[in-house]
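If you use this note's numbering, the sequence shown corresponds to residues 20 to 243, in order. Beta carbons are placed, not taken as given, at the ideal position from N, Cα and C, and that holds for glycine.
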Amino acid sequence: MKRGGDLAVTALAGIIAVPLGLVIALLIRATMGGPVIFRQTRSGRHGQEFSILKFRTMRDKHDEDEPDAPRITRLGALLRRTSLDELPQLWNVVRGEMAVIGPRPTLPEQVVHYSPRQRGRLAVRPGLTGWAQIRGRNSITWPERIELDLWYIEHRSLLLDLRILAGTARMLLRPTGITAAGGVNPGFPVPAEAPAPAQSAARIVLPRQATATAPRLAREELRG
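Put into structure tokens, the structure is as follows:
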């Protein structure tokens with residue numbers, strides 16, 4: 020049933036997404052050259068890896084030590100702010116690698132640090148949007164995001180999915196939490212410092228936790 024709903028939503032979205040995506044692709048080609056699509060390996064359902072698709076938002080490096088921030092073009096900044104860089108992920112949904120709603124897929128090097136409890140986040144297909152996305156997105160810590168995703172998996176329903184879709188629409192109109200301060204999501208747990216599982220999964224607003232930060236990866240990688 021959920022898979023059928025995902026395909027129906029994708030088909031409806033494609034009416035607008037396909038022509039809009041073609042325009043965006045032409046603009047990227049004209050301003051940055053190729054490739055138009057940014058691909059990156061992410062962990063999906065049950066940890067199975069797949070290649071997530073996004074529109075490219077950064078130009079090539081002038082030299083190896085050039086930081087990421089100056090590489091984001093005006094068009095790239097607009098695509099990120101409006102989340103239009105995520106449009107190609109509709110194809111990930113069609114392929115069955117993602118769902119419309121679910122936890123955002125993370126990097127395999129982040130997943131290896133999950134505790135057994137946190138691996139419950141991999142029980143469903145990752146989503147284009149999700150409960151953690153509308154409750155703070157990249158502005159909240161990784162432990163908070165994981166707890167919100169676990170709460171969603173335990174309580175998921177059609178009504179909750181509709182609530183998430185409505186919240187996502189509001190966020191697209193008034194974008195917030197697109198990128199964490201400094202481009203790094205704080206508090207990603209490592210095995211020795213993972214948050215204790217005694218926290219209640221039913222809590223929706225979780226306290227910030229002081230844990231070690233993840234290694235600084237490229238901004239393009241850290242965005243959910």
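Since residue i and residue j should fall inside the 8 angstroms C-beta cutoff, what is the C-beta to C-beta distance between them, to a whole number of angstroms?
{"i": "residue 265", "j": "residue 76", "result": "In this structure the chain extends from 20 to 243, so residue 265 is not present and cannot be described."}
{"i": "residue 282", "j": "residue 25", "result": "Not covered by the structure: residue 282. The range shown for the chain is 20 to 243."}
{"i": "residue 107", "j": "residue 56", "result": "6 angstroms"}
{"i": "residue 187", "j": "residue 159", "result": "That belief does not hold up - the Cβ atoms of residue 187 and residue 159 are roughly 16 angstroms apart, past 8 angstroms."}
{"i": "residue 47", "j": "residue 94", "result": "7 angstroms"}
Find the nearest neighbour of residue i within the set the options, judged by alpha-carbon distance.
{"i": "residue 27", "options": "157, 166, 132, 109", "result": "109"}
{"i": "residue 71", "options": "41, 33, 114, 91", "result": "114"}
{"i": "residue 155", "options": "173, 171, 136, 190", "result": "190"}
{"i": "residue 29", "options": "172, 176, 144, 111", "result": "111"}
{"i": "residue 150", "options": "171, 134, 135", "result": "171"}
{"i": "residue 179", "options": "23, 33, 121, 139", "result": "121"}
{"i": "residue 78", "options": "99, 91, 85", "result": "91"}
{"i": "residue 51", "options": "36, 67, 81, 66", "result": "81"}
{"i": "residue 22", "options": "74, 53, 73, 146", "result": "146"}
{"i": "residue 73", "options": "37, 33, 58", "result": "58"}
{"i": "residue 174", "options": "161, 83, 143", "result": "143"}
In chain order, what residues of the same chain lie with their CB nearer than 8 angstroms to the CB of residue i, ignoring the 5 residues before and after it?
{"i": "residue 140", "result": "122, 133, 165, 168, 169, 172"}
{"i": "residue 31", "result": "none"}
{"i": "residue 37", "result": "none"}
{"i": "residue 222", "result": "Note that residue 222 scores a pLDDT of 40, beneath 50, so its modelled location is shaky; the value from the coordinates is reported in the next line. Cβ within range, chain order: 166, 170."}
{"i": "residue 53", "result": "none"}
{"i": "residue 192", "result": "none"}
Please return the same chain residues whose Cβ sits closer than 6 angstroms to the Cβ of residue i, not counting the five positions on each side in sequence.
{"i": "residue 44", "result": "55"}
{"i": "residue 116", "result": "63, 69"}
{"i": "residue 40", "result": "106"}
{"i": "residue 66", "result": "141"}
Can you name, in chain order, every residue of its own chain whose Cβ lies under 7 angstroms from the Cβ of residue i, other than the five neighbours on each side?
{"i": "residue 183", "result": "120, 148, 149, 150, 153"}
{"i": "residue 34", "result": "none"}
With a threshold of 9 angstroms between beta carbons, is residue i in contact with chain B?
{"i": "residue 170", "result": "Of the protein chains in the structure, only one exists, and it is not chain B."}
Quiz item: How about the stretch 52–62 and the stretch 117–129: do they share at least three Cβ pairs that are nearer than 8 angstroms?
Solution: With a cut-off of 8 angstroms, the stretch 117–129 and the stretch 52–62 count as touching, because enough Cβ pairs lie within range.
Exercise. Pick out the complete alpha helix (DSSP H) segments inside the stretch 135–185, 4 residues or longer, and give them in chain order.
Key: If we require 4 residues or more, the alpha helix (DSSP H) runs fully inside the stretch 135–185 come out as 150–153, 161–174.
Exercise. Pick out the complete alpha helix (DSSP H) segments inside the stretch 41–98, 4 residues or longer, and give them in chain order.
Key: List check, alpha helix (DSSP H) in window: nothing returned.
Quiz item: If you pair each beta-carbon of the stretch 159–172 with each one of the stretch 93–103, do three or more pairs fall below 8 angstroms?
Solution: No, the stretch 159–172 is not in contact with the stretch 93–103.
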